[in-house]
Amino acid sequence: SVIHELWAGTKLLVVLAASILLTLFPGWVTIGLMGALLVTAVRLARVPRGALPSPGAWLWIILGLGGVTAALAGGSPVVSIAGAHIGLGGTLNFLRATSLSIVLIGLGAMLSWTTNVAEMGPALATLGRPLRVLRIPSDEWAVALALALRAFPMLIQEFQVLYAARRLRPEQPQGSRRARRRQQARDMIDLLTAAIVVTLRRADEMGDAITARGGIGQLSANPIRPKLADWVTLSLTVLAGAAGIAIETIFNLH
């Protein structure tokens, strides 16, 4: 799709700009505009419904409790129902914070769904090029982050294998509660030790592979650069952010 073909640096800049905007101006207008851009991007990217997270009942319970607690705080605006004055300020603040969180999580999810991990390193190296003037090793940082993103799923799989192997071990019967706690502590230490060993082994193998392929320069080098669609995306993001700031400033919306 059009979103998948965008340069990874463009999507990183959009997520960064939207996060800064919503942090400094967390108003309904800016949240709504960023949410509209997010929904449009989801439609253009043709994200299947199966990729969308399905929150469990515990999350709805927590949100419900949070909403009730926030409603008890009251505050303006105040409405009168059957002679009773009810403050909606706490409820509106809770809804705004929840909406802001959903938009930020959605932006991060869109970056994950539509961006190849191999494109992150070169994009970060290109965006961090101005930092070389300050003698900051931006290429090394970009490569480290790209390798971390690549290795994270692999390490999760390794940890799952270790945990499954641990569960297959026969449990030794323990008489007292104190003995059981000691056994659990020893098992946890064994599991963490095995995880550290596996991580170091994977890191050593990855380092040998990088050296054999020419070093970290190959990971941060990529000829892909922004195209017309990237500039259009950045322009729309800037216009939406500027419009949100202008509307909230002029009309003093909160």
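The working numbering applies: residue 14 is where the sequence shown begins, and numbers increase by one.
We treat Cβ as the ideally placed atom computed from N, Cα and C, and that holds for glycine.
Relative to the C-alpha of residue i, which candidate in the options has its C-alpha closest?
i	options	result
residue 15	264, 255, 257, 245	245
residue 176	206, 36, 213, 60	206
residue 211	253, 225, 193, 165	165
residue 103	119, 182, 80, 256	80
residue 43	218, 109, 57, 64	109
residue 116	63, 260, 55	55
residue 157	144, 183, 137, 142	137
residue 22	72, 125, 145	125
residue 163	219, 194, 248, 192	219
Consult DSSP for residue i and reduce its assignment to one of helix, strand or coil.
i	result
residue 94	strand
residue 264	helix
residue 103	helix
residue 127	helix
residue 76	helix
residue 189	coil
residue 116	helix
residue 194	helix
residue 254	helix
residue 182	coil
residue 71	helix
residue 89	coil
Contiguous alpha helix (DSSP H) assignments of at least 4 residues, all confined to the segment 197–248: Within the segment 197–248, the complete alpha helix (DSSP H) runs of at least 4 residues are 230–233.
Every unbroken beta strand (DSSP E) inside the segment 134–173 [3 residues or more]: Runs of the beta strand (DSSP E) inside the segment 134–173: none found.
At least 3 beta-carbon pairs within less than 8 Å: the segment 65–82 vs the segment 25–38: With the cut-off at 8 Å, the segment 65–82 and the segment 25–38 do not touch.
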